[in-house]
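Participant: Before anything else, here's the structure in question.
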Amino acid sequence: MFKKILALSLAVLMVSGLMIGFTSCSGGNEDFKVGFIFLHDENSTYDKNFIDAANAAAAALGLTKDQVIMKVDIDEGPECYDAAVELVEEGCDLIFADSFGHEDFIIQAAEEYPAVQFCHATGTKAHTKKLPNFHNAFASIYEGRYIAGIAAGMKLKEMIDAGEFTAEEAKIGYVAAWPYAEVISGYTSFFLGVRSIVPTATMQVEYTNSWFDIALEKTAAETLIAANCKLISQHADSEGAPKACETAGVPNVAYNINTSSIAPNTALISSKINWVPYMTMIIEKTMAGKGNEIPYDWCGGFNEGAVALTELNTAVAAEGTQEAIDAAIAAFKAGEIKVFDTSKFTVGGQTLTEYLADVDTDANFTKDTNVIHDGYFDESASDKRSAPYFDIIIDGITVPAAN
Amino acid sequence: MNNAEKKPRTKREPLIYITKRSDLSLKKSLLIRAAVILGGILCCAIITMLLTGVNPINVFGSIINGSFGTPGKLWNLLQAAAILLGISVAVTPAFKMRFWNTGAEGQVLIGMLASVACMFYLKDSMPSFVTIIIMLVASTVAGALWAGIPGFFKAIWNTNETLFTLMMNYVAMQLVSFFLLFWDPSHGYLNPLNSDTKNGWLPTLFGRKQLIIILIVAVITALVYVYLKRSKQGYEISVVGESENTARYIGINVKKVVIRTVLISGALCGVMGWLLVSGNSHTVSTTLVGGNGFTAIMVSWMSKFNPIIMVFSSLLVCFLQRGAGQIASDLGTEMPGASNIGDVLTGIMILFVVASEFFVSYDVHFRRRTEKADKEVEKNVHA
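This is the structure we're talking about:
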């Protein structure tokens, strides 16, 4: 009996060994494989945005199903490293991870497998680590949020003009996930967009301390509405806030998803990062054997097609919004406007002339680099890093007191 | 059975009745187990087809691929099983004593926190092996303390240890959250420590970081096996577990045994926390124990508190878990909900495995009105 089992298992082992041998022997681009590591599955709007982009890029480049391996529900812990090693062993030439906390584990794998390219979204360390096979990416989503802010500002203006409330009462609410630079940069750019239309606008922020929590986001939105916020925006990944706004009849702006089906009477527009251009670029480069040419830090904007706005809900938007959006996009493409123009905001009543940001990540979060020059705060600069570092609370925005 | 004894041939026999098996050959017991597991697989296949419409062969292919697809996957399976085994073995002394320690998750976590604190403050001020020893001591003490508090209360005031140890889990989680925010106020997130100097990291043997974890857990398992089966203290544990009164009668100091055993159990959990930090994560977060502290309770029970059987139980559980993960990855991006199918299948399989123990211990009879059945009843009644 034991011998039979032994013989059988040996046979199975040998056959599978042969199969692995065969698959790794074919040449050319059919041999290319790309692996993805996602924090959640597609029930999370954040990961769905990446999954959809990965599928779109793979389809456009004609990759077959066997050439794309996706791992979902990979926590920000050592299992991320384990998943990366598994992908390497399954023959991946390029591995992409989508969550901030994956970074160190991806770096660990990148150091061990120099022949494989590793790309990581939202990370901060590639430009200081300088590994030839480790790369960060982000998008200048603050520009998208600024434009969403313009749409929101025009809606506010319409409501003010209709006599619903005075210009001084124009307060917007913002459901924010965490007090990180990425989030602060996001709501500040949205706020500046609103202010470019309604200069008297103010903003109140509520943190949920979670990227995805339907109930918390709903409660936060309700709190803001009860505090007389006339319009709600968000940087959190669920549909909680738009649903609360639809119930209360308050216009709202979302992120990464088109919410017009959830909130047909109140959803205005969403800004989103389109990852297809980046994914296409890294797959093409790696397939051509030029993976080392992928920049350490890639920050796509409107020109690269990396920042996008979802379709404007004309049933809610003020008249002329689409024209204003198109004009703003054209201005960004031409480099004519800067979101963080220091003449447009103050901090503690003062105009900023210099600001040290923590660009080069280290254990003590040292503020190391001056990022203000030529009259603007240079967010996600190409010579610095792609992930946002704007972490200043400007005048007009109230955040919950730190406890 | 008492009923049957009085009236072996009532007019209305129950449709199904069970009797305890007394003598079952190893071959037959293995056969029953195999049959039940086969039934489980069949049940999984049917449920998968009904819920997803995916060919179950593909699903089983995914499960096997999840553990054996590449050498790395096999190593990851062994590592996951070793970690689960280590925690299962750690909770066993307490459980064998009928001390319902539901706090393994927290005891491991507090052990991790202690190790991480050592790494955070020592950095590379000492040679790596000294750091590792300091971490080990700190984690062991922390784990023992975390179990010792409820153990002490139980022994002295007879408090309910199930609730007490369970609540200690949440205290441990909040402590971890607190320290993460204390160390990094802006993110509450700690990257792996000393990733450049590797100080306080267990060495990688033969190019596989998993190997040393597996070896250390093997040693722990062997030690606990010997302790429980061969030592006087191990015997005391079984007696206290079977009957406290008997233990008292034969002169065992029950309070002392309870506290000592709980301390040992907690200390072993702490050691596992150290192993997780030093050998694998090099950081801590509230989710890094990943429910293993609870799964370990099931593994320990499933294996009837026998560390050797636990080797196989934890392998089986991890094999299913990794299979579930593979299903999620293979199907999850095209079919929402696929990631949950894996968990459903794992649950079904574990249910069947637990059920197989029932069928090994008990014989199930159906009412049959034949000569043969009557004879069988007769035989069972008089056996």
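Quick mapping for you: the protein sequence lines, in order, are chains A and B. Read in order, the letters of the first sequence correspond to residues 1 to 403 in my numbering. Read in order, the letters of the second sequence correspond to residues 1001 to 1383 in my numbering. Virtual Cβ for every residue (Gly too), placed ideally from N, Cα, C. All of these numbers come straight from a predicted model, not from anything done at the bench.
1. Suppose the cutoff is 6 Å on Cβ atoms and the five residues either side in sequence are ignored; what does the same chain contact list for S238 (chain A) look like?
2. Beta-carbon of T1070 (chain B) versus every beta-carbon of chain A: anything under 8 Å?
3. On a Cα-Cα basis, can you pick out the residue from A:A267, A:A244 and A:T247 that is closest to V253 (chain A)?
4. Is N55 (chain A) helix, strand or coil when you go by DSSP?
5. Which same chain residues, not among the five before or five after D1343 (chain B), have their C-beta less than 8 Å away from its C-beta?
6. Measuring CA to CA, which of A:L224, A:Y180, A:H235 and A:N258 is closest to D170 (chain A)?
7. Whose CA, out of B:Y1170, B:V1091, B:F1179 and B:S1195, lies closest to the CA of D1124 (chain B)?
8. Counting only C-beta atoms, is D41 (chain A) closer than 8 Å to chain B at any point?
9. Is Y1189 (chain B) near P1307 (chain B), with beta carbons less than 8 Å apart?
10. If you measure between the beta carbons of S1300 (chain B) and S1088 (chain B), is that distance less than 8 Å?
11. Rounded to a whole number of angstroms, what is the C-alpha to C-alpha distance between D378 (chain A) and P179 (chain A)?
12. Which stretch, first to last residue, makes up the beta strand (DSSP E) that contains L231 (chain A)?
13. For S1022 (chain B), does the three-state DSSP call read helix, strand or coil?
14. Name the residues in the stretch 1274-1290 of chain B whose C-beta lies less than 7 Å from a C-beta of chain A; which are they?
15. Taking buried to mean at least 16 other C-beta atoms within 10 Å of its own C-beta, is G21 (chain A) buried or exposed?
16. Which residue or residues does DSSP assign as beta-bridge partners of I69 (chain A)?
17. State yes or no: is the beta carbon of Y1121 (chain B) nearer than 8 Å to at least one beta carbon in chain A?
18. By the three-class DSSP mapping on this structure, what secondary structure does N252 (chain A) have?
19. Since I believe G301 (chain A) is in contact with D139 (chain A) (beta carbons under 8 Å), could you give me their beta-carbon distance rounded to a whole number of angstroms?
20. Measuring only between beta-carbons, confirm whether Y1189 (chain B) sits less than 8 Å from chain A.
21. Does the beta carbon of I1212 (chain B) sit closer than 8 Å to a beta carbon anywhere in chain A?
22. On the criterion of 16 or more Cβ atoms from any shown chain inside 10 Å, does A167 (chain A) qualify as buried, or is it exposed?
23. Taking Cβ-Cβ distances shorter than 7 Å, what residues in chain B pair up with P78 (chain A)?
24. What ranges does the alpha helix (DSSP H) occupy inside the stretch 167-214 of chain A, keeping only unbroken runs of at least 4 residues that lie completely in it?
25. Thinking C-alpha only, which one of B:W1201, B:E1105 and B:C1269 is nearest M1173 (chain B)?
26. Are the beta-carbon atoms belonging to E1236 (chain B) and I1252 (chain B) less than 8 Å from one another?
27. Are any of the Cβ atoms in chain B nearer than 8 Å to that of D213 (chain A)?
28. Can you give the beta carbon distance from A221 (chain A) to V175 (chain A), rounded, assuming they're within the 8 Å contact cut?
29. Compare the C-beta of G21 (chain A) with all C-beta atoms of chain B and state if any pair is closer than 8 Å.
30. How would you call S1231 (chain B), buried or exposed, if buried means at least 16 neighbouring beta carbons within 10 angstroms?
31. Spatial neighbours of V1364 (chain B) within its chain, please: C-beta separation below 6 Å, excluding the five flanking residues on both sides.
32. At 3 residues or longer, and completely inside the stretch 94-176 of chain A: list those beta strand (DSSP E) runs for me, N to C.
33. Do you know whose CA, among A:I141, A:G289 and A:V205, lies nearest E304 (chain A)'s CA?
34. Which residues of chain B have a Cβ atom closer than 7 Å to the Cβ of V85 (chain A), listed in chain order?
35. Examine chain A for any beta-carbon lying closer than 8 Å to the beta-carbon of G1325 (chain B), and answer yes or no.
36. Beta-carbon separation of C119 (chain A) and I282 (chain A) under 8 Å?
Facilitator: According to the structure data:
1. Within the same chain, S238 (chain A) has close Cβ partners F212, I214 and E217.
2. With 8 Å as the cut-off, T1070 (chain B) counts as an interface residue toward chain A.
3. Measuring from the Cα of V253 (chain A), the nearest candidate turns out to be A:A267.
4. It is helical.
5. The beta carbon of D1343 (chain B) sits closer than 8 Å to those of A1324, all from its chain and outside the five residues before and after it, given in chain order.
6. Per the sequence shown, the amino acid found at residue 170 (chain A) is Ala instead of Asp. Nearest Cα to A170 (chain A) within the set A:L224, A:Y180, A:H235 and A:N258: A:L224.
7. By alpha-carbon distance to D1124 (chain B), the top candidate from B:Y1170, B:V1091, B:F1179 and B:S1195 is B:S1195.
8. With 8 Å as the cut-off, D41 (chain A) counts as an interface residue toward chain B.
9. It is not a contact, given that the beta carbons lie outside the stated cut-off.
10. Yes, these two residues count as a Cβ contact at 8 Å.
11. A straight-line Cα-Cα distance of about 20 Å links D378 (chain A) and P179 (chain A).
12. Element bounds for L231 (chain A): L231 to H235.
13. S1022 (chain B) falls in the coil class under three-state DSSP.
14. Answer in chain order: N1280, S1281, S1285, T1287 and L1288.
15. At G21 (chain A), the pLDDT of 43 sits below 50, so the modelled position is not reliable; the number obtained from the coordinates is stated separately. G21 (chain A) comes out exposed.
16. Per DSSP, A:G35.
17. The beta-carbon of Y1121 (chain B) is placed no less than 8 Å from the nearest beta-carbon of chain A.
18. Of the three classes helix, strand and coil, the one that applies to N252 (chain A) here is strand, per DSSP.
19. First, the residue type needs correcting, since residue 139 (chain A) is Ala and not Asp in the sequence shown. Sure, about 7 Å apart at Cβ, within 8 Å.
20. Y1189 (chain B) counts as touching chain A.
21. Chain A contact via Cβ: absent.
22. Per the 10 Å Cβ criterion, exposed.
23. By Cβ distance, chain B contributes N1280 and S1281.
24. Complete alpha helix (DSSP H) runs here, min 4: 181-195.
25. Here the closest residue by C-alpha is B:E1105.
26. Yes, they are a contact pair.
27. Chain B, which has no Cβ nearer than 8 Å to the Cβ of D213 (chain A), makes this no.
28. Sure, about 5 Å apart at Cβ, within 8 Å.
29. Unreliable placement is indicated for G21 (chain A), whose pLDDT of 43 sits below 50; the coordinate value is still reported in the next sentence. Not an interface residue.
30. S1231 (chain B) is classed as exposed because its beta carbon has fewer than 16 other beta carbons within 10 Å across all chains shown.
31. Excluding residues within five positions, the ones whose Cβ falls inside 6 Å are I1018.
32. Counting only runs of 3 or more, we get 94-97, 117-121, 134-139 and 171-176.
33. For E304 (chain A), the closest alpha carbon among the candidates A:I141, A:G289 and A:V205 is that of A:I141.
34. G1072, listed in chain order.
35. Chain A, which has a Cβ nearer than 8 Å to the Cβ of G1325 (chain B), makes this yes.
36. The answer is yes: Cβ separation under 8 Å.
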